[in-house]
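Colleague:
Numbering (my numbering), first residue to last: 378 to 533.
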């Protein structure tokens with residue numbers, strides 16, 4: 378497939394859903410004891426060629442790392458984004474073997490929009506909670522496209 382340039386105005390977020398949003402923090406937990414956070418991110422996509430739709434699933438699990446607390450606080454979120462891609466047949470095709478052949482520029486755009494939007498939502502959701510000092514780091518969106526979970530150990 379010829380790899381055409383992506384026109385950002387042809388990518389429309391049609392729907393967003395918060396599937397899961399949960400923070401578990403023991404009553405005795407002391408925020409002042411937090412030294413860092415562990416996290417992992419999982420990103421998956423699906424396509425509906427007939428309707429020009431791309432679904433991206435973004436899941437994150439965050440836990441505190443502290444010295445004095447016996448039980449760590451944990452946060453878990455799952456977001457789903459549905460994108461309408463106006464010129465999708467120019468950028469995504471299904472091969473005879475039923476494999477999705479993506480224009481890498483479109484795949485990168487979907488991963489970037491999903492991650493950065495989720496990052497902002499998390500910053501807002503974590504305010505006023507034990508997770509308020511956690512900020513999802515900026516990453517290369519191509520890490521998400523490698524179909525492996527991203528964790529803070531990969532970013533060090």
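Think of the CB as a built atom: it goes at the ideal place given N, C-alpha and C, for glycine as much as any other residue.
Just to confirm my understanding: we take residue 467, look at its own chain, exclude 5 residues before and 5 after, and list those with CB closer than 6 Å. What are they?
Modeller: 381
Colleague: Is residue 415 near residue 440, with beta carbons less than 8 Å apart?
Modeller: yes
Colleague: So does the stretch 455 to 463 actually touch the stretch 383 to 397, counting three or more Cβ pairs closer than 8 Å?
Modeller: yes
Colleague: To the nearest whole angstrom, what separates the beta carbons of residue 484 and residue 456, a pair I think is in contact under 8 Å?
Modeller: Not quite, the Cβ-Cβ distance comes to about 18 Å (not below 8 Å), so this is no contact.
Colleague: Count the other CB atoms, across all protein chains shown, that sit within 10 Å of the CB of residue 486; report buried if there are 16 or more and exposed otherwise.
Modeller: Burial call: buried.
Colleague: Candidates 479, 418 and 405: which alpha carbon is nearest residue 429's?
Modeller: For residue 429, the closest C-alpha among the options 479, 418 and 405 is that of 479.
Colleague: Let's see if you can read the secondary structure: which residues bound the beta strand (DSSP E) around residue 440?
Modeller: Where residue 440 is concerned, the enclosing beta strand (DSSP E) stretches over 430 to 443.
Colleague: Would you mind working out which of 443, 417 and 489 sits nearest residue 405, comparing C-alpha positions?
Modeller: 443
Colleague: Can you name the start and end residues of the alpha helix (DSSP H) that residue 498 belongs to?
Modeller: 481 to 503
Colleague: Going by the DSSP bridge assignment, what does residue 424 pair with across the sheet?
Modeller: 431
Colleague: Compare the Cα-Cα distances from residue 438 to each of 516, 397 and 476 and report the closest residue.
Modeller: 397
Colleague: Run the CB neighbour count on residue 469, radius 10 Å, all protein chains shown included, and call it buried at 16 or more, exposed below.
Modeller: Result: buried.
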